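So the structure is just underneath, and the comments pick up after that.
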Ligand SMILES: [Zn+2]
């Protein structure tokens, strides 16, 4: 992993002050559920990283308390919901990740791996995407220290491969009309081939790259096919973005993490860096260029958060700079960080990870901490270091 974007002292101090205000405020809000998106698992992630950067504030205690609460919600009633954004795999991802990074005491998650493996191996119907499908469970399997995680990852890759539409142009997945929530997609009768990270093909790249590095059967082939398909969807030169919302769409997607060039670029760069394919990094840099052009011609982003807001853009360009060393990514990161620090976060903004204050604070922290903001593996925009890949072996020994 490369180094962070160098930002000016005044901007750094402003970001630190904003983080301080947000974490103090959030520490007084007790989450009502355990989830990654709106509950104590998301809070635990933030407070653990806040403690890493500001070790004298006592945030480690808050992180541990929030994590204990999130895990207790699993013990009380095993959730019917296994998904990353709203259920078991998201809560377990935070616990596994913070344990792996030694930011909290590593909890025993063996039962989670067993539950998820049972589900994935059953006839249980599952969608493929990151936030509400197999992609999110795959991310958990990449993070889990348990020996069963290898079998879990293998089972998911097999299911993803079977569910994909394969053609000479590569492989991807179809989103059925019933799952299309965004109004812009509702009139598409046959469903869509979604490109974005949150609900589309780009959200699978880092899990497949991790699986490929671990030698999971079929993972590298599937990764190559999906990436080939994704890159083939680029819009004609001169378009307002490199990628559309979905295949067959001609409208350039908005610039965000969930949909659009910055999220796709970060996922593509992370996967290309992990498996050593420089051509994917080059496409990521083309996408950076496309957002930079749109920004200079007045790209306006109204939301504050990680998902499709200014904090998300600041973080994604910072991540793209760490992965690619691209100078344009560095200047985009500085510019969007300025906007993120200036953005108003009033009490009407939820405290959640994807659209709220937790995500804004994590993005700002990533910009002012020398160490890698590894928490963004949960956004499928980075891949863990080499030490991640022999864990299953160590576990067996
Ligand atoms: Zn979004």
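Residue numbers (my numbering): 86 to 482. Cβ atoms here follow ideal geometry from the backbone N, Cα and C, with glycine treated the same way. Predicted model, so just to flag it, every value in this text is computed and none were measured.
1) Do you know how far the Cα of residue 283 is from the Cα of residue 230?
2) How about residue 224 and residue 167: do their beta carbons lie closer than 9 Å?
3) Rounded to whole angstroms, how far is the Cβ of residue 124 from the Cβ of residue 170, which I believe are closer than 8 Å?
4) Could you tell me which of 399, 428 and 286 sits nearest to residue 249, measuring between CA atoms?
5) In the DSSP assignment, what are the bridge partners of residue 288?
6) Could you tell me the distance, in whole angstroms, from the CA atom of residue 482 to the CA atom of residue 232?
7) Going by beta carbon distance, what residues of the same chain come within less than 7 Å of residue 480, once the five residues before and after it are set aside?
8) Would the region 439-448 count as touching the region 117-132 if we require 3 or more Cβ pairs under 8 Å?
9) So, under 8 Å CB-CB, residue 400 and residue 448 are touching, yes? Tell me the CB distance rounded to an integer number of Å.
10) Using a threshold of 9 Å, state whether the C-beta atoms of residue 175 and residue 121 are closer than that.
11) Give a yes or no on contact between the region 399-418 and the region 427-439, applying the rule of three or more CB pairs nearer than 8 Å.
12) Check whether the Cβ atoms of residue 280 and residue 294 sit closer than 9 Å, and answer yes or no.
13) Are the beta-carbon atoms belonging to residue 372 and residue 346 less than 9 Å from one another?
14) Given this structure, state the Cα-to-Cα distance separating residue 136 from residue 354, to the nearest angstrom.
15) Taking only the alpha-carbon atoms, compute the straight-line gap between residue 456 and residue 426 and give it to the nearest angstrom.
16) Check whether the Cβ of residue 393 sits closer than 8 Å to any heavy atom of ligand 1, and report yes or no.
17) With a CB to CB cut of under 6 Å and the five nearest residues on each side skipped, what residues in its chain are close to residue 87?
18) Residue 211 and residue 244: beta carbons closer than 9 Å?
19) Is residue 283 a contact residue of ligand 1, with contact defined as CB to any heavy atom under 8 Å?
20) Look at the Cβ atom of residue 95, then the Cβ atom of residue 179, and state whether they are nearer than 9 Å.
21) Can residue 184 and residue 155 be called in contact, C-beta distance under 9 Å?
22) Mind checking which residues open and close the alpha helix (DSSP H) that includes residue 256?
23) Thinking C-beta only, is residue 257 closer than 9 Å to residue 356?
24) Taking only heavy atoms of ligand 1 into account, decide whether any of them is closer than 8 Å to the Cβ of residue 441.
25) From the DSSP output, in three-state form, read off residue 455 for me.
26) For residue 341, which residues from the same chain have a beta carbon less than 7 Å from its beta carbon, with the 5 sequence-adjacent residues on both sides left out?
27) Following the continuous alpha helix (DSSP H) through residue 199, name the residue where it begins and the one where it ends.
28) Can we count residue 341 as close to ligand 1, meaning its CB is less than 8 Å from some heavy atom?
29) With 16 as the cutoff for other CB atoms within 10 Å, does residue 486 come out buried or exposed?
30) Measure the C-alpha to C-alpha separation of residue 476 and residue 114 and round it to an integer number of angstroms.
31) Go ahead and pull the three-state DSSP assignment for residue 310.
32) Flag this pair as yes or no: are the beta carbons of residue 288 and residue 358 separated by less than 9 Å?
33) Whose C-alpha, out of 300, 415, 336 and 149, is nearest the C-alpha of residue 187?
34) Which residue from 446, 247 and 296 puts its Cα closest to that of residue 110?
35) Tell me the DSSP bridge mates of residue 260?
The short version:
1) For this step, residue 230 is matched to residue 145 along the chain shown. For this step, residue 283 is matched to residue 198 along the chain shown. Rounded to whole angstroms, residue 230 to residue 283 spans 25 Å at the Cα level.
2) Locating residue 224 in the chain shown gives position 139, counting from the first residue. Locating residue 167 in the chain shown gives position 82, counting from the first residue. Not closer than 9 Å, so no.
3) Within the chain shown, the letter at position 39 stands for residue 124. Within the chain shown, the letter at position 85 stands for residue 170. With 8 Å as the limit, residue 124 and residue 170 do not qualify as a contact, their Cβ atoms being about 11 Å apart.
4) In the chain shown, the residue the question calls residue 249 occupies position 164. Minimum Cα distance to residue 249 is reached at 286.
5) Residue mapping note: residue 288 aligns to position 203 of the chain shown, counting from 1. None, per the DSSP bridge assignment.
6) Position 397 of the chain shown, counted from the start, is the residue given in the question as residue 482. Position 147 of the chain shown, counted from the start, is the residue given in the question as residue 232. Only weak support is given to the placement of residue 482: the predicted model assigns it a pLDDT of 29, under 50, and the value that follows is read from those uncertain coordinates. C-alpha separation (whole angstroms): 10 Å.
7) Translated into positions along the chain shown, residue 480 becomes position 395. Confidence at residue 480 is low in this model, with a pLDDT of 36, below 50, so the placement of that residue is unreliable and no value is reported for it.
8) yes
9) Walking along the chain shown from the start, residue 400 turns up at place 315. Walking along the chain shown from the start, residue 448 turns up at place 363. Right, their Cβ atoms sit about 4 Å apart.
10) The count along the chain shown starts at 1 and reaches residue 175 at position 90. The count along the chain shown starts at 1 and reaches residue 121 at position 36. For residue 175 and residue 121, yes; Cβs fall inside 9 Å.
11) no
12) Translated into positions along the chain shown, residue 280 becomes position 195. Translated into positions along the chain shown, residue 294 becomes position 209. No. Outside cutoff.
13) Residue numbering aside, residue 372 sits at position 287 when the chain shown is read from its first letter. Residue numbering aside, residue 346 sits at position 261 when the chain shown is read from its first letter. Going by C-beta atoms, residue 372 is nearer than 9 Å to residue 346.
14) What you label residue 136 is simply residue 51 of the chain shown in a count that begins at 1. What you label residue 354 is simply residue 269 of the chain shown in a count that begins at 1. Their Cα atoms are separated by approximately 29 Å.
15) The residue you call residue 456 lines up with position 371 of the chain shown. The residue you call residue 426 lines up with position 341 of the chain shown. Approximately 20 Å between the Cα atoms of the pair.
16) Taking the chain shown and counting its residues from 1, one reaches residue 393 at position 308. Yes, the Cβ of residue 393 comes within 8 Å of a heavy atom of ligand 1.
17) Taking the chain shown and counting its residues from 1, the one referred to as residue 87 is at position 2. Same-chain partners within the cutoff: 407 and 410.
18) For the purposes of this step, residue 211 is identified with residue 126 of the chain shown, where counting begins at 1. For the purposes of this step, residue 244 is identified with residue 159 of the chain shown, where counting begins at 1. Yes. Within cutoff.
19) Counting from 1 along the chain shown, the entry for residue 283 is found at position 198. Result yes, Cβ under 8 Å from ligand 1.
20) In the chain shown, residue 95 corresponds to position 10, counting from 1. In the chain shown, residue 179 corresponds to position 94, counting from 1. Going by C-beta atoms, residue 95 is not nearer than 9 Å to residue 179.
21) Translated into positions along the chain shown, residue 184 becomes position 99. Translated into positions along the chain shown, residue 155 becomes position 70. No.
22) Here the question's residue 256 lines up with position 171 in the chain shown. Run containing residue 256: none in the alpha helix (DSSP H); it sits in the beta strand (DSSP E), 255-257.
23) On the chain shown, residue 356 is found 271 positions in, with the first residue counted as 1. On the chain shown, residue 257 is found 172 positions in, with the first residue counted as 1. No, the Cβ-Cβ distance between residue 356 and residue 257 is not below 9 Å.
24) Stepping through the chain shown from its first residue, residue 441 is reached at position 356. No; taking the cut-off as 8 Å, the Cβ of residue 441 has no heavy atom of ligand 1 nearer than that.
25) Position 370 of the chain shown holds residue 455. It is coil, neither helix nor strand.
26) Within the chain shown, numbered from 1, the residue matching residue 341 stands at position 256. Cβ neighbours of residue 341 beyond the five flanking positions: 347, 348, 392, 393 and 397.
27) What you label residue 199 is simply residue 114 of the chain shown in a count that begins at 1. Here the alpha helix (DSSP H) through residue 199 covers 195-206.
28) In the chain shown, counting from the first residue as 1, residue 341 sits at position 256. Yes, the beta carbon of residue 341 sits closer than 8 Å to at least one heavy atom of ligand 1.
29) Because the chain in this structure spans residues 86 to 482, residue 486 falls outside the shown range and cannot be described.
30) Along the chain shown, read from residue 1 onward, the residue named residue 476 stands at position 391. Along the chain shown, read from residue 1 onward, the residue named residue 114 stands at position 29. Any reading at residue 476 needs caution, since the residue's pLDDT is 46, under 50, leaving its predicted position unreliable; the model's value is listed next. Approximately 36 Å, taken between the alpha carbons.
31) As a first step, residue 310 must be located in the chain shown, where it is residue number 225. Residue 310 falls in the helix class under three-state DSSP.
32) Taking the first residue of the chain shown as position 1, residue 288 is located at position 203. Taking the first residue of the chain shown as position 1, residue 358 is located at position 273. No, they are not a contact pair.
33) Here residue 187 refers to the residue found at position 102 when the chain shown is read from its first residue. The shortest C-alpha separation from residue 187 is found at 149.
34) Here residue 110 is taken as the residue at index 25 of the chain shown, counted from 1. Per the Cα distances, 446.
35) Position 175 of the chain shown, counted from the first residue, corresponds to residue 260. Bridge partners of residue 260: 277.
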